[in-house]
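In the numbering used here, the protein residues as written are 32 to 655.
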């Protein structure tokens, strides 16, 4: 077991390289994907817990609203809380990813060792053969692609092999100890990733069915019901309260993330589809190609690997009895079919028969079980297929004669690793997103006055724009952007923001020579009145001509920038309703209201004094 633990450490180092050389300098994952949202979540969970609050709502996004939110990788955030307190959220996020690869490998090794040891006998030879399962599962192309996507909770894949290992032990030795182990493993697995917790529950049913059909003598049927029920109740007690809290944030007013049936169905049909060809196509082949279709850098990878398939076929052939391999063939078939989603998709399109799509078993589960209405990523089932192949591949290696196994096992192991890292669609080494934060945010962090931050440009794609959330980990102030929302309503109503959006992405290549200066000034003041204290322009994200137009608009509406560092420009906004007349009269001044913009509900109420219509003053020339 010690050698297996060291081997899994080596696998985690290979998967996350060069994390170990600089754990806090960059983030594992593509900067155009979900990495920013997830590292923000690690920081936010820690901040809420330090403040004595449950992390179930936040006012840091979607300003000035307060939203209900459950960070999907709260398990990883809590697990790495000591790392974050010592070294920050970047190191905590990277550590969680590293640990996920390690536990995935070790869990698969335990399962393969247990299954093959029961068939061929335990011992050093079985332990060495089971290293294949650790490598195949920890370095699975799907798992590597999820790390590329920056989705840390989907790396918590150890629950499937660990729960399967625990449930097999429970079936074979139904006692209080086995039930306790099963309860803890299943409960924690569900906390870590409810997808894999659900997969584990389905896998437990498959194992029970397979043993009932082919290996009835391995199960103590009369003694099983009570320990099995106890294990289920214990697991529910562990994850139930968290599941209730999670569910409470998904529906109703203020829910930032929703998973209603209509949303999930659209994802299943148009975005998160699985092409059967991708199981077997090596190289950088992606279908669907999300970059071409949607301009996204996310990857859907379900490659199984020809070497692993060959080793699994060897295991089926070399096992002396058909009933030894039949349960795992059933397992592989079930998870592979479920990976395909609701309809058969082949070669880049849904396969049609007489003009109709071909339904698959996933569709029946989706219609019948409420939990399946929230499964928008069926391609994650492929990890079950990989695990089943790993078990049979381990059996194949264990069946080799000793004189062949001496060199055959290391070569087979190396072949699987090299194919998955170099010949599969999954990228390796993984890209890294710079953890550097623009130094201009240090000024914002040092300001004792409250107020939100508006980061520009606003038209950056959602996942890339989430880097503004990462910057919150330094300044700690709210911002207007939210998850999966193209443009917040509070910004849509602003005349200044509409002008800035034209400057960022409109068809014009220069500002018109005459603009209404008063319109822009009133709109600029309205931002401060809504609660915005800072505007930050990230010049490096603009084409030069667009940056010039943006700076011109802001200088007219807000005055000269307060500070500039490198390509970052900073404006400090003063709330006119708090500074204009209070100094001379001691009373709250009248508020200037931009047409169509409401003041934030947290501001002191004051009767507004209407401004002149925005088109009444003569236009003012704006220099180019």
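Yeah, the Cβ is synthetic: ideal placement off N, Cα and C, and Gly gets one too. It should be emphasised that the depicted structure is a prediction, and the values quoted were computed from it without experimental measurement.
For residue i and residue j, I'd like the C-alpha separation in whole angstroms.
i           : j           : result
residue 625 : residue 61  : Any answer about residue 625 is weak, because its pLDDT of 47 lies below 50 and its placement is not dependable; what the coordinates show is given next. Going from the Cα of residue 625 to the Cα of residue 61 covers about 40 Å.
residue 632 : residue 179 : Interpretation of residue 632 is limited by its pLDDT of 41, a score under 50 that renders its predicted location unreliable; the figure taken from the coordinates is listed afterwards. Cα to Cα, residue 632 sits roughly 40 Å from residue 179.
residue 533 : residue 103 : 35 Å
residue 511 : residue 521 : 8 Å
residue 9   : residue 184 : Absent from the structure is residue 9, since the part of the chain shown begins at 32 and ends at 655.
residue 160 : residue 466 : 40 Å
residue 175 : residue 591 : 47 Å
residue 121 : residue 70  : 6 Å
residue 240 : residue 224 : 25 Å
residue 260 : residue 337 : 40 Å
residue 526 : residue 289 : 30 Å
residue 668 : residue 414 : The first residue shown for the chain is 32 and the last is 655, placing residue 668 beyond what the model contains.
residue 345 : residue 572 : 53 Å
residue 382 : residue 419 : 27 Å
residue 285 : residue 516 : 13 Å
residue 560 : residue 483 : 11 Å
residue 267 : residue 349 : 40 Å
residue 485 : residue 186 : 32 Å
residue 514 : residue 492 : 11 Å
residue 55  : residue 117 : 11 Å
residue 86  : residue 405 : 21 Å
residue 111 : residue 123 : 5 Å
residue 78  : residue 598 : 30 Å
residue 314 : residue 437 : 31 Å
residue 162 : residue 171 : 14 Å
residue 440 : residue 429 : 8 Å
residue 91  : residue 98  : 9 Å
Quick check on the burial criterion: 16 or more other C-beta atoms within 10 angstroms. Buried or exposed for residue i?
i           : result
residue 275 : exposed
residue 32  : exposed
residue 506 : buried
residue 365 : buried
residue 574 : exposed
residue 49  : exposed
residue 411 : buried
residue 545 : Any answer about residue 545 is weak, because its pLDDT of 49 lies below 50 and its placement is not dependable; what the coordinates show is given next. With fewer than 16 Cβ atoms within 10 Å of its Cβ, residue 545 is classed as exposed.
residue 96  : buried
residue 403 : buried
residue 105 : buried
residue 190 : buried
residue 93  : buried
residue 444 : buried
residue 617 : With a pLDDT of 48 at residue 617, under the threshold of 50, the modelled position of that residue is not reliable, and no figure is offered here.
residue 435 : exposed
residue 231 : buried
residue 182 : buried
residue 264 : exposed
residue 311 : exposed
residue 220 : buried
residue 125 : buried
residue 325 : exposed
residue 450 : buried
residue 119 : buried
residue 262 : buried
residue 384 : exposed
residue 37  : exposed
Can you confirm whether residue i, when its beta carbon is compared against all beta carbons of chain C, has any partner nearer than 8 Å?
i           : result
residue 224 : Looking for chain C here will not work: only one protein chain is present.
Who are residue i's beta bridge partners in DSSP?
i           : result
residue 384 : 387
residue 483 : 563
residue 98  : 89
residue 408 : According to DSSP, residue 408 bridges with nothing at all.
residue 463 : 59
residue 568 : 487, 600
residue 595 : 600
residue 286 : 99
Can you give the beta carbon distance from residue i to residue j, rounded, assuming they're within the 8 Å contact cut?
i           : j           : result
residue 319 : residue 306 : 7 Å
residue 551 : residue 588 : 4 Å
residue 456 : residue 334 : 5 Å
residue 501 : residue 67  : 5 Å
residue 139 : residue 198 : No, residue 139 and residue 198 are not in contact; Cβ-Cβ is about 15 Å, not under 8 Å.
Measuring from the CB of residue i, is there a heavy atom of the ligand MG at a distance below 7 Å?
i           : result
residue 425 : This structure simply doesn't include the ligand MG, nor any ligand for that matter.
Segments of 4+ residues assigned as alpha helix (DSSP H) that fall wholly inside the region 324-387
337-349, 353-370, all fully within the region 324-387.
Contained alpha helix (DSSP H) runs [length at least 4] in the region 126-184, N- to C-terminal order:
As far as the region 126-184 is concerned, its whole alpha helix (DSSP H) runs of at least 4 residues are 155-160, 162-169, 172-180.
What beta strand (DSSP E) runs, 3 residues minimum, are completely inside the region 219-303? You should have found no qualifying run.
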